[in-house]
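Written out below as structure tokens is the structure these notes cover.
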Amino acid sequence: MKVKILFLTAGFSSYAQQIKVSGKVTDTLQNPLAYANILAIPEDDSQDVRFVIIEIIVFNQFYKLVI
């Protein structure tokens, strides 16, 4: 039974992808914005998209988001 469960979960994990978004959030005067919100929105509304934020790195006001 353990072998069957492992085999089934291996198939689902290979379908997952990681998407990395990085950049700097600034205002019109190029000043960094503190506590800015970043949204991940699918291009096509007909798709059911679910994601989990894995990692957020802040280094010298530069953000890297892994979903």
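Position 3 (the sequence shown) corresponds to 3 in the numbering used here; numbering is contiguous.
Cβ coordinates follow ideal geometry from the N, Cα and C atoms, glycine included.
Can you tell me the Cα-Cα spacing of residue i and residue j, whole angstroms?
i	j	result
S46	Q18	21 Å
V49	K24	25 Å
A72	T26	With the chain represented from 1 up to 67, any question about residue 72 goes unanswered, as that position is not in the structure.
K20	D44	19 Å
I41	L33	21 Å
S22	L39	12 Å
> Where are the alpha helix (DSSP H) runs, 4 residues long or more, that stay fully inside the region 23-51, in chain order?
Replying inline: Counting whole runs of 4 or more residues, the region 23-51 contains no alpha helix (DSSP H) stretch at all.
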